[in-house]
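*Asks:* The structure that follows is given in the form of structure tokens.
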Amino acid sequence: MIKNPYLKEKIAFTLLFGATVLVVLPVIFVLFYIVKQGWPAINWEFLTQMPQKGMRAGGIFPAIIGTLYLVLGTLLFALPLGVLSGVYLTEYARDNGLTRLVKLAIINLAGVPSVVYGLFGLGIFVVFLKFGASILAGSLTLAIMVLPIIITTTREALDSVPQSFRQVSLSLGVSKWQTIRHVVLPHAMPGILTGMILAVSRAAGETAPILFTVAAFYLPRLPKSVFDQVMALPYHLYVISTQVPHVKLEIRYGTALVLLIIVLSLNLVAIIVRAQFRKKKKW
Amino acid sequence: MVDSCIKITIVDLSASYGAVCALKSLSLDVREGEILSVIGPSNSGKTTFLRCLNRFNDTNPHFSHRGMVTINGIDIYGNIDVEMLRKKVGMVFALPTVLPMSVWENAAYGLRRHGIRDERMIALSVENSLRAAYLWDEVKDRLEAAALNLSGGQQQRLCLARTLAVEPDIILYDEPCSGLDPISTAKIEEAMIHFKDKYTQILVTNNTKQAARVGNRTAFFLMGQMVELDATNKIFTSPSDQRTEDYISGRFG
Amino acid sequence: MLERHWTWHRVKEFLIEKCIYLSGVTSIVIVALIFIFLAKEGFALFKTVGVGEFLLGIKWYPISHPAQFGILPLIIGSLVVTIGATLIAVPIGVASAVYISEVASGKIKEVLKSGIEVLAAIPSVVLGFIGMMTLVPWVKAVFNLPTGLTAFSGALMLGFMAMPTIVSIAEDALNAVPKRYKEAALALGATRWQAIWRVVFPAASSGIVAAVMLGIGRVIGETMAVMMITGNAARIPTTIFEPVRTLTATIAAEMGETVRGSDHYSALFAIGIVLFIITFMINLIADIAVHHKAK
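And the structure:
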């Protein structure tokens, strides 16, 4: 064995650094490779045209629009419900066995595989409520998938607000809701916003939950109502890379790049929002 | 004493948190415009007593009480508007807790939340409160600055001003100077003495000297019971109970 | 002076608070519905197929006549991929967490952290696609196999995909260790490595256990990438260089072709229940590990 502790330290730190490189280098490779291979495909036609010749030519416009609709729909359902539920669980619910059970269930639901949410969405929205495979069913499924994320981040953000702020406000005769509205929520806002944006980016990139609830294999037109099916970017990428033979590599990589750009820019927005609020909060 | 001078009447008040009894059959009157000092070792029920007066214990689900508290003859544990009660019974906490806003918005916070929209009225009230808390001259040039940048003593006076702005009748102080330096403490005490007659004030403190300096009367609490209540002078020179004497002479506590 | 009045303000507040309450209740109902619906659709299978036959049957022939619904090959498929991914991800992930939390400083730390955050954000279908295009041919060539779509490729990819979970949670756990522990060790003349290895690491161990558990949960639940990379053969593999099919990929690949209410449909829901139970347990263990630390 090596006796010199400083030599030992050097070896250990080198190994640790090596491990970190093993994690980070492939990330750089993946990003670089997709950009390099996909960039040539990206042009105005690709982004704004319908796919043609069984997706072997043309653009990905309906898939982009479909993803946009799904994200908006998800947000519409999940944001108010998630934030208000977070407020309820943190500020209003009595601390009893039922509340603790619900909190535990919500935390653990965040770890349930997305394909299971797909099954649930199929069972309840598509079949039981007879929405069929539709934007409505898909958005609701994605909303329920991200609900635990939004509730959990909201709760964490609310918990980070010092209890003394609430006490001071209440001691001035300010009502509970006013206290939450004017003291607690402003302080928790960055956390809530970050959670929301991360939830959106998750919804934009997920494939499994929309497989049986909304996604259309090939549908070169735009939806007319929330009961229509749509194409969606992640599913489209899956389809053209595994289900349809002889699709040009360029189109596949281009689709992957567009999806990646959408998801990563949402994450970037989350990071910027967080940083902005932190700067402001310093005072 | 004639009845009209009595502001708060407490009759046989007991309070407990779950199985832990914090206050045992307390009865006392607080006179209008006086400063009542409450002294006693920790866990003697002082803070519980204070929090019974603005129903601040209500937020604790394990809290329960027996007995009666009336303010101006109204039973405050009856069917009343708790928010209005807390507006009328202001509270200053042990640690200065300014809200993460500007100095100005801190002082104006209560007013805004109580629905006052008229900026001129708010400005007037903020300035008066800050003056009354002996803070105006120190902060008048930086009203828009973050309240968190003030010193601890200034923050506590801002908390006092914030309480004054909503125009209470009664002010409760829960060891308001425990974290402050002597100069800041002196300023708070000066303000309190200045407020005599205008507000009824109850000061809970661990600092017996402070109780002696500002209190008209002083109550000594021990293990959830009031041992003695008398004129401050009397308590500190010739208390009638041996335990009071032991406490103020520093034999325990 | 203290009577209650019903002002417009009060009415508004009352309504808002009712809304909040209603949202809370709705969320609770949704949580309950998830359990109920999965159970309702899945348990229908057990009218025709026994639980033992389902879990331990070695034949998954859902569309033959008569159909066979044994998910053992799928369980083994998931298990092989998960174990492989765990063996790769845990040592590397925990080591990275230690490096980022304890050794790296300033700019480098920020760059590494954002690299890992980016990885967490990449959709799994994109990683699956890249894996198909680069990793799969590479595995085929290097190990001289008839196909690169193997459990091994899946394990490599999933190990990579589990990194963000493991690294970020383990790093939180390491950061939560009070600085004074480390400082005390250094003051006694320990080297930084000794302080990390002997003091910080043990103190963070329950958090690291949680990180590992959640990483495993992530791997078991992963669907798209694994479906695109592992070859999807529903039989028990003899080596890791053979195609396998996981529980998740089975649901994703077959649900589109089932008849609603058929045994096959119910069987896929029953697989969903199995997945749900497994991941729920894993999360619960992670949760307990974290709370254990809190005590």
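Residue numbers (my numbering), protein chains in the order written: chain A, 639 to 921; chain B, 10 to 262; chain C, 87 to 381.
Even for Gly, the Cβ is constructed at its ideal location relative to N, Cα and C.
Please give me, in chain order, every unbroken run of the alpha helix (DSSP H) with length at least 4 that falls completely inside the segment 801-854 of chain A.
*Replies:* Runs found: 801-809, 814-817, 823-843 and 846-849.
*Asks:* Return the first residue and the last residue of the beta strand (DSSP E) that residue 15(B) is part of.
*Replies:* Along the second sequence, read from residue 1 onward, the residue named residue 15(B) stands at position 6. Per DSSP, residue 15(B) belongs to the beta strand (DSSP E) from 15-26.
*Asks:* By the 10 Å Cβ neighbour count, where 16 or more other Cβ atoms means buried, how is residue 227(C) classified, buried or exposed?
*Replies:* Working through the third sequence from its first residue, we reach residue 227(C) at position 141. It is exposed - the Cβ of residue 227(C) has fewer than 16 other Cβ atoms within 10 Å.
*Asks:* If you count every other CB in all the chains shown that lies within 10 Å of the CB of residue 197(C), and 16 or more means buried, which is it?
*Replies:* The count along the third sequence starts at 1 and reaches residue 197(C) at position 111. Classification of residue 197(C): exposed, given that the 10 Å Cβ count is below 16.
*Asks:* Residue 201(B) and residue 44(B): beta carbons closer than 8 Å?
*Replies:* The residue given as residue 201(B) occupies position 192 in the second sequence. The residue given as residue 44(B) occupies position 35 in the second sequence. In this structure, residue 44(B) lies closer than 8 Å to residue 201(B) by Cβ.
*Asks:* Taking a contact to mean a Cβ-Cβ separation below 8 Å, would you say residue 211(C) touches residue 875(A) in this structure?
*Replies:* Numbered from its first residue, the third sequence carries residue 211(C) at position 125. Numbered from its first residue, the first sequence carries residue 875(A) at position 237. Contact: yes.
*Asks:* Who pairs with residue 689(A) in a beta bridge, going by DSSP?
*Replies:* As a working mapping, residue 689(A) is identified with position 51 in the first sequence. Residue 689(A) is bridged to 696(A).
*Asks:* Against residue 743(A), what residues of chain C qualify as contacts under a CB-to-CB distance less than 7 Å, listed in chain order?
*Replies:* To locate residue 743(A), count along the first sequence from 1; it is residue 105. Going along chain C in sequence order, the residues near residue 743(A) (Cβ under 7 Å) are 117.
*Asks:* Output, in sequence order along the chain, the residues in the segment 720-751 of chain A whose CB is closer than 8 Å to any CB in chain B.
*Replies:* Listed by position, the residues of the segment 720-751 of chain A near chain B (Cβ gap below 8 Å) are 732 and 733.
*Asks:* Looking at chain C, is there any beta carbon in it that lies within less than 8 Å of the beta carbon of residue 124(B)?
*Replies:* Position 115 of the second sequence, counted from the start, is the residue given in the question as residue 124(B). For residue 124(B), the answer is yes, since a Cβ of chain C falls inside 8 Å of its Cβ.
*Asks:* According to DSSP, residue 234(B) sits in a beta bridge with which residue or residues?
*Replies:* Mapped onto the second sequence, residue 234(B) falls at position 225. For residue 234(B), which the question treats as bridged, DSSP gives the partners 231(B).
*Asks:* To the nearest angstrom, how far is it from the Cα of residue 693(A) to the Cα of residue 373(C)?
*Replies:* Translated into the one-based positions of the first sequence, residue 693(A) becomes position 55. Translated into the one-based positions of the third sequence, residue 373(C) becomes position 287. Straight-line Cα distance between these residues: approximately 45 Å.
*Asks:* Which full runs of the beta strand (DSSP E) of 3+ residues lie inside the segment 184-254 of chain B, going along the chain?
*Replies:* You should have 209-213, 226-231 and 234-240.
*Asks:* For residue 35(B) versus residue 181(B), is the C-beta spacing smaller than 8 Å?
*Replies:* If you number the second sequence from 1, residue 35(B) lands on position 26. If you number the second sequence from 1, residue 181(B) lands on position 172. Result no, Cβ atoms of residue 35(B) and residue 181(B) do not sit closer than 8 Å.
*Asks:* Cβ of residue 278(C) less than 8 Å from any chain A Cβ?
*Replies:* Taking the third sequence and counting its residues from 1, one reaches residue 278(C) at position 192. Output row for residue 278(C): interface = yes.
*Asks:* DSSP has residue 45(B) in a bridge; who is on the other side?
*Replies:* As a working note, residue 45(B) is residue 36 in the second sequence. DSSP, once it has assigned bridges, lists 211(B) and 226(B) as partnering residue 45(B).
*Asks:* Hey, out of 662(A), 745(A), 658(A) and 731(A), whose CA is closest to residue 366(C)'s CA?
*Replies:* Translated into positions along the third sequence, residue 366(C) becomes position 280. For residue 366(C), the nearest C-alpha among the options comes from 745(A).
*Asks:* Can you list, in chain order, the residues of its chain whose CB lies under 7 Å from that of residue 728(A), leaving out five sequence neighbours each side?
*Replies:* As a first step, residue 728(A) is located in the first sequence; it is residue number 90 there, counting from the start. Only 793, 796 and 797 meet the Cβ criterion.
*Asks:* Using the three-state DSSP reduction, which class does residue 254(C) fall into: helix, strand or coil?
*Replies:* In the third sequence, the residue the question calls residue 254(C) occupies position 168. Helix, per DSSP.
*Asks:* In this structure, does DSSP put residue 143(B) in helix, strand or coil?
*Replies:* The residue labelled residue 143(B) in the question sits at position 134 within the second sequence. The answer is coil: DSSP assigns residue 143(B) none of H, G, I, E or B.
*Asks:* May I ask you to report which of helix, strand or coil DSSP gives residue 879(A)?
*Replies:* Walking along the first sequence from the start, residue 879(A) turns up at place 241. Three-state DSSP puts residue 879(A) in a helix.
*Asks:* Identify every run of the alpha helix (DSSP H) within the segment 47-97 of chain B, keeping only runs that are complete inside it and at least 4 residues long; order them along the chain.
*Replies:* Listed in chain order, the complete alpha helix (DSSP H) runs (minimum 4 residues) inside the segment 47-97 of chain B are 55-62 and 91-97.
*Asks:* For residue 154(C), does the three-state DSSP call read helix, strand or coil?
*Replies:* Against the third sequence, residue 154(C) aligns to sequence position 68. In the structure shown, residue 154(C) sits in a strand (DSSP, three-state: E or B).
*Asks:* I'd like to know whether the C-beta of residue 201(C) is nearer than 8 Å to at least one C-beta of chain E.
*Replies:* In the displayed structure, chain E is absent; the protein chains listed are A, B and C.
*Asks:* Mapping DSSP to helix, strand and coil, what is residue 382(C)?
*Replies:* Because chain C spans 87 through 381 in this model, residue 382(C) falls outside it and cannot be assessed.
*Asks:* My assumption, with CB atoms under 8 Å, is that residue 16(B) sits in contact with residue 213(B). Please give the rounded CB distance.
*Replies:* Translated into positions along the second sequence, residue 16(B) becomes position 7. Translated into positions along the second sequence, residue 213(B) becomes position 204. Their Cβ separation, rounded to whole angstroms, is 17 Å, which puts residue 16(B) and residue 213(B) out of contact at 8 Å.
*Asks:* Quick check: the Cα distance between residue 646(A) and residue 159(B), rounded to an integer number of angstroms?
*Replies:* As a working note, residue 646(A) is residue 8 in the first sequence. As a working note, residue 159(B) is residue 150 in the second sequence. If I take the Cα positions, the gap works out to 50 Å.
*Asks:* Is there a Cβ from chain B that is less than 8 Å from the Cβ of residue 810(A)?
*Replies:* In the first sequence, the residue the question calls residue 810(A) occupies position 172. By this cut-off, residue 810(A) is an interface position.
*Asks:* Rank 168(C), 206(C) and 297(C) by C-alpha distance to the C-alpha of residue 240(C) and give the top, closest one.
*Replies:* Locating residue 240(C) in the third sequence gives position 154, counting from the first residue. When only C-alpha atoms are compared, the closest one is 168(C).
*Asks:* Considering Cα atoms alone, identify which of 344(C), 279(C), 107(C) and 305(C) is closest to residue 749(A).
*Replies:* In the first sequence, the residue the question calls residue 749(A) occupies position 111. Nearest of 344(C), 279(C), 107(C) and 305(C) to residue 749(A), Cα basis: 305(C).
*Asks:* Rounded to whole angstroms, what's the CA-CA distance from residue 380(C) to residue 291(C)? Just pull it up for me.
*Replies:* Here the question's residue 380(C) lines up with position 294 in the third sequence. Here the question's residue 291(C) lines up with position 205 in the third sequence. The predicted model places residue 380(C) with a pLDDT of 49, which falls under 50 and marks its position as unreliable, so this point remains unresolved.
*Asks:* What does the Cβ neighbour count give for residue 873(A), buried or exposed, with the cut at 16 atoms within 10 Å?
*Replies:* For the purposes of this step, residue 873(A) is identified with residue 235 of the first sequence, where counting begins at 1. Buried is the call here.
*Asks:* Rounded to whole angstroms, what's the CA-CA distance from residue 136(B) to residue 96(C)? Just pull it up for me.
*Replies:* On the second sequence, position 127 is the one that residue 136(B) refers to. On the third sequence, position 10 is the one that residue 96(C) refers to. Residue 136(B) and residue 96(C): Cα-Cα distance of roughly 29 Å.
*Asks:* Which residues in chain C sit within 7 Å of residue 896(A), going by Cβ to Cβ distance?
*Replies:* Your numbering for residue 896(A) matches position 258 in the first sequence. Those do not exist, as residue 896(A) stays about 10 Å from chain C at its closest Cβ, beyond 7 Å.
*Asks:* Can you tell me which of the three DSSP states residue 110(B) falls into?
*Replies:* Looking up residue 110(B) in the second sequence gives position 101. Looking at residue 110(B) - three-state DSSP - the assignment turns out to be coil, as it is neither helix nor strand.
*Asks:* Just by C-beta distance, which residues in the segment 331-353 of chain C are closer than 9 Å to chain B?
*Replies:* Of all residues in the segment 331-353 of chain C, none has a Cβ within less than 9 Å of some Cβ in chain B.
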